[in-house]
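Residues in the sequence shown are numbered consecutively from 165, following the numbering used here.
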Amino acid sequence: MKLNSAAIQLLASVAIIMLTTNTVAQPLPPAFSRIQPDTFGGNMGLSNAWGDYDNDGDLDLVVAFKTGDVRLYNNELGGFTNVGPVLGLPTDGKERRAIAWGDYDGDGYLDLYIGSNRQGNELFHNDRSQGFTEVTEELGVGIPQVSTRQISWVDFDNSGSLDLFVADRVGPNVLFRNVDGKFVEVGTELGLADPRATVGACWFDYNRDGRLDLFLANQGTGKDALYRNDGDTFTDVAAELDMEGGARERGDGGVDCTVGDYNNDGHFDLFVATYGINKLYQNNGSGSFEEVSSAMGIEGNDHMVGASWGDFNNDGRLDLFAAGYHDEDGLRSPHDRLFQNLGETFEELDLDKTALNGGDHGVQWADFDGDGDLDISLTEGYN
Numbered sequence: 165m166k167l168n169s170a171a172i173q174l175l176a177s178v179a180i181i182m183l184t185t186n187t188v189a190q191p192l193p194p195a196f197s198r199i200q201p202d203t204f205g206g207n208m209g210l211s212n213a214w215g216d217y218d219n220d221g222d223l224d225l226v227v228a229f230k231t232g233d234v235r236l237y238n239n240e241l242g243g244f245t246n247v248g249p250v251l252g253l254p255t256d257g258k259e260r261r262a263i264a265w266g267d268y269d270g271d272g273y274l275d276l277y278i279g280s281n282r283q284g285n286e287l288f289h290n291d292r293s294q295g296f297t298e299v300t301e302e303l304g305v306g307i308p309q310v311s312t313r314q315i316s317w318v319d320f321d322n323s324g325s326l327d328l329f330v331a332d333r334v335g336p337n338v339l340f341r342n343v344d345g346k347f348v349e350v351g352t353e354l355g356l357a358d359p360r361a362t363v364g365a366c367w368f369d370y371n372r373d374g375r376l377d378l379f380l381a382n383q384g385t386g387k388d389a390l391y392r393n394d395g396d397t398f399t400d401v402a403a404e405l406d407m408e409g410g411a412r413e414r415g416d417g418g419v420d421c422t423v424g425d426y427n428n429d430g431h432f433d434l435f436v437a438t439y440g441i442n443k444l445y446q447n448n449g450s451g452s453f454e455e456v457s458s459a460m461g462i463e464g465n466d467h468m469v470g471a472s473w474g475d476f477n478n479d480g481r482l483d484l485f486a487a488g489y490h491d492e493d494g495l496r497s498p499h500d501r502l503f504q505n506l507g508e509t510f511e512e513l514d515l516d517k518t519a520l521n522g523g524d525h526g527v528q529w530a531d532f533d534g535d536g537d538l539d540i541s542l543t544e545g546y547n
């Protein structure tokens, strides 16, 4: 979902761009078409997530705005309409920074958890697509005075129910276990109440033992973490596996992470977007990783905020999109990078003359129109 022409002005907080090219023999900037710029206009979009909230077979898009409202764009045959206010989602001006879909009660409809900046998080139950009802206090998942940056619905204990993990930039992270649709905080007893400034979180089974492990991208001087799921507890093995991110300045550190098997060897690899040198950890399949960002040509030294793997040209290899911004004299402008996976290395494609260089936060690949090509949504949080 991104743009294709230098003549298009990127003024919207959320730019949805639709891929319009097929696979090419040589690395070329992909052609994308911007979708409904008037509909997706607005300021300070931070987080976005795709999900079929109304079970009609196509993906809808929800966006959390720093200015407070939560917009739910209903997808009808590839056309989008904001139905958030009509369905009861908030528009009250509270700063919201994170958002995630998950069917916590197993009724077949996606519910919505929203993270804020020190103003209390919220859980909205999906009333069979007819509306959303806030159940935050009833289920005890409000977490006041936190600055939530990442939300994960995940079955960490293999119980068959979705549990909830909340990454906090100013305090300990929180893990709620789902017990018959009710939530109990268990992060402290399981060793996951990490107090560092967590901004990115990725769950994946790195050692293939059948349990989901957790990587944390921690901002500032706090080192990154990789928590191995041992069943009855979690153990931080980042130092042991040399995945703490190395020495960093106060303004650096991990900001986001994305998991994918970029070399098609059957093992999950991990990319970490940072405010300094990015990291690519190749999973060796033996419970260890090798940092290969420089060797693979995606090291960079940028102010990256979000990243996501996706095969944009359908060649069977995962490519990488990273969104960030330049900060010059207090003025922030989007700076995005698309790395095409050539197999033995990555090649960066020139986005300067495309509409793809227009986001600085959320990066989400999705085939919203069902044409077999991945589209992409970006949020622009500083303009």
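We put the beta carbon where it would ideally sit given N, CA and C, even for glycine.
{"Check": "Is the beta carbon of residue 266 less than 8 Å from the beta carbon of residue 277?", "Outcome": "yes"}
{"Check": "Go ahead and label residue 399 buried or exposed: buried means 16 or more other beta carbons lie within 10 angstroms of its beta carbon, across all protein chains shown.", "Outcome": "exposed"}
{"Check": "Bridge partners for residue 368 per DSSP, in chain order?", "Outcome": "377"}
{"Check": "Just to check my reading of the structure: residue 248 and residue 234 have Cβ atoms closer than 8 Å, yes? What is that Cβ distance to the nearest angstrom?", "Outcome": "6 Å"}
{"Check": "On a CA-only basis, which of 464, 443 and 374 is nearest residue 151? Give me that one, please.", "Outcome": "Past the boundaries of the shown model lies residue 151; the chain is included only from 165 to 547, so the question cannot be answered."}
{"Check": "Quick one: what's got a C-beta closer than 7 Å to residue 407's C-beta in the same chain, skipping five residues either side?", "Outcome": "388, 390, 445 and 453"}
{"Check": "Closest by CA to residue 252, which one among 301, 296, 322 and 421?", "Outcome": "296"}
{"Check": "In three-state DSSP terms, what is residue 418?", "Outcome": "strand"}
{"Check": "Along the chain, where does the alpha helix (DSSP H) containing residue 459 start, and where does it finish?", "Outcome": "457-460"}
{"Check": "Give a yes or no on contact between the stretch 362-379 and the stretch 415-429, applying the rule of three or more CB pairs nearer than 8 Å.", "Outcome": "yes"}
{"Check": "In three-state terms, what does DSSP make of residue 351?", "Outcome": "helix"}
{"Check": "With which residues is residue 339 paired in a DSSP beta bridge?", "Outcome": "329"}
{"Check": "I believe residue 309 touches residue 262 by the beta-carbon criterion, under 8 Å. Please report the beta-carbon distance rounded to the nearest angstrom.", "Outcome": "Contact flag wrong, Cβ pair sits at about 15 Å."}
{"Check": "Which stretch, first to last residue, makes up the beta strand (DSSP E) that contains residue 434?", "Outcome": "433-438"}
{"Check": "Given a cut-off of 8 Å on the beta-carbon distance, is the pair residue 330 and residue 337 in contact?", "Outcome": "yes"}
{"Check": "By Cβ distance, which residues of its chain are closer than 6 Å to residue 213, with the 5 residues on each side in sequence left out?", "Outcome": "226, 263, 264 and 265"}
{"Check": "Just the C-alpha distance for residue 124 and residue 292, rounded to the nearest angstrom, thanks.", "Outcome": "Coverage of the chain is limited to positions 165 through 547, which leaves residue 124 absent and any answer about it impossible."}
{"Check": "Quick one, which of 450, 220 and 289 has its alpha-carbon nearest residue 301's?", "Outcome": "289"}
{"Check": "Give me the Cα-Cα distance between residue 543 and residue 502, rounded to the nearest whole angstrom.", "Outcome": "16 Å"}
{"Check": "So, with DSSP's three-state summary, where would you put residue 300?", "Outcome": "helix"}
{"Check": "In chain order, what residues of the same chain have a beta carbon less than 6 Å from the beta carbon of residue 533, not counting five sequence neighbours either side?", "Outcome": "242"}
{"Check": "Excluding five sequence neighbours on each side, which residues of the same chain lie with their C-beta closer than 8 Å to the C-beta of residue 232?", "Outcome": "254, 255, 256, 257, 258, 259 and 260"}
{"Check": "Can you tell me the Cα-Cα spacing of residue 169 and residue 196, whole angstroms?", "Outcome": "For residue 169, the predicted structure reports a pLDDT of 26, less than 50, and the residue's modelled location is therefore unreliable. A value from the coordinates is still provided. Straight-line Cα distance between these residues: approximately 8 Å."}
{"Check": "Taking all protein chains shown into account, decide if residue 333 is buried (16 or more other Cβ within 10 angstroms of its Cβ) or exposed.", "Outcome": "buried"}
{"Check": "Report the three-state DSSP secondary structure of residue 230 (helix, strand or coil).", "Outcome": "coil"}
{"Check": "Could you check whether residue 482 and residue 107 sit closer than 8 Å to each other, using their CB atoms as the reference points?", "Outcome": "Nothing can be reported for residue 107: it is not among the residues displayed for the chain, which extend from 165 to 547."}
{"Check": "Less than 8 Å between the beta carbons of residue 380 and residue 393, yes or no?", "Outcome": "no"}
{"Check": "According to DSSP, is residue 525 part of a helix, a strand, or is it coil?", "Outcome": "coil"}
{"Check": "Drop a sphere of 10 angstroms on the beta-carbon of residue 487, count the other beta-carbons inside from all chains shown, and report buried for 16 or more, exposed for fewer.", "Outcome": "buried"}
{"Check": "If you draw a straight line from the C-alpha of residue 166 to the C-alpha of residue 436, how long is it?", "Outcome": "Only weak support is given to the placement of residue 166: the predicted model assigns it a pLDDT of 32, under 50, and the question is left unresolved by the model."}
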